[in-house]
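Novice: Under the numbering used here, the first residue of the sequence shown carries the number 128, and numbering increases by one thereafter.
My questions will all concern the structure given below.
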Amino acid sequence: MIDAIVEGADEKLSIDTVVLDLREFVDSFDALVVAAGRNDRQVRAIAEEVERRVGVNLGLKPTRVEGWSTAQWIALDYGDVIVHVFDLETRDYYDLEHLWSAAPAFRPAHQR
């Protein structure tokens with residue numbers, strides 16, 4: 128699933144996609160995928176492509192989607208994996224990578 132999510136975000140040119148492995152920290156889900164877009168249109172495009180890729184590759188839909196109306200922060204809940212697509216300002220403000228800094232973080236090779 129994470130591969131499909133990262134591929135979808137990458138297809139729409141997400142900025143600094145990171146996967147946080149939270150299996151050692153929480154019981155309710157395994158990972159967060161954090162990505163960013165430059166504006167609300169790109170944030171929506173990234174979220175749409177992630178939904179499409181996961182749907183086509185795995186036949187899954189998110190159980191919950193939040194933030195579509197403003198597209199500053201769209202969250203897609205796939206149960207074991209939560210996807211957060213931010214605009215740049217909102218991503219900097221919430222700084223999830225810092226909040227979960229003890230967790231192993233993985234970035235696609237081309238974005239390092």
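Ideal placement from N, C-alpha and C gives every residue a C-beta, glycine not left out.
Values in this document were obtained by computation on a predicted structure and should not be read as measured data.
1) Which of the three DSSP states, helix, strand or coil, is assigned to L226?
2) Can you give me the start and stop residues for the beta strand (DSSP E) that A202 sits inside?
3) Tell me the rounded alpha-carbon separation between H225 and E151.
4) Could you tell me the boundaries of the beta strand (DSSP E) in which V212 lies?
5) When we look at the beta-carbon of L140 and count the other beta-carbons within 10 Å, is it buried (16 or more) or exposed?
6) With distances taken between CB atoms, is the gap from Y205 to V181 smaller than 8 Å?
7) Might you give, ordered along the chain, the residues of its own chain that have their beta carbon closer than 8 Å to the beta carbon of E134, omitting 5 neighbours on each side?
8) How about I148 and A158: are their beta carbons less than 8 Å apart?
9) Which residues does DSSP pair with E193 in a beta bridge?
Specialist: Reading off the structure:
1) Residue 226 sits at position 99 when you count from the first residue of the sequence shown. Three-state DSSP puts L226 in a helix.
2) Reading the sequence shown from its first residue, position 75 is the one you call residue 202. Here the beta strand (DSSP E) through A202 covers W200 to D204.
3) Stepping through the sequence shown from its first residue, residue 225 is reached at position 98. Stepping through the sequence shown from its first residue, residue 151 is reached at position 24. Those two C-alpha atoms are separated by around 16 Å.
4) Residue 212 sits at position 85 when you count from the first residue of the sequence shown. Where V212 is concerned, the enclosing beta strand (DSSP E) stretches over V208 to D214.
5) For the purposes of this step, residue 140 is taken as residue 13 along the sequence shown, with counting starting at 1. Answer is exposed; the Cβ neighbour count stays below 16.
6) As a position in the sequence shown, residue 205 is number 78, starting the count at 1. As a position in the sequence shown, residue 181 is number 54, starting the count at 1. Their beta carbons are under 8 Å apart, which means Y205 touches V181 by this criterion.
7) As a position in the sequence shown, residue 134 is number 7, starting the count at 1. Closer than 8 Å at the Cβ level, and outside the excluded window around E134, lie R180.
8) Residue mapping note: residue 148 aligns to position 21 of the sequence shown, counting from 1. Residue mapping note: residue 158 aligns to position 31 of the sequence shown, counting from 1. Ile is not the amino acid found at residue 148; the sequence shown has Asp there. Closer than 8 Å, so yes.
9) Position 66 of the sequence shown, counted from the start, is the residue given in the question as residue 193. Answer is A202, bridged to E193.
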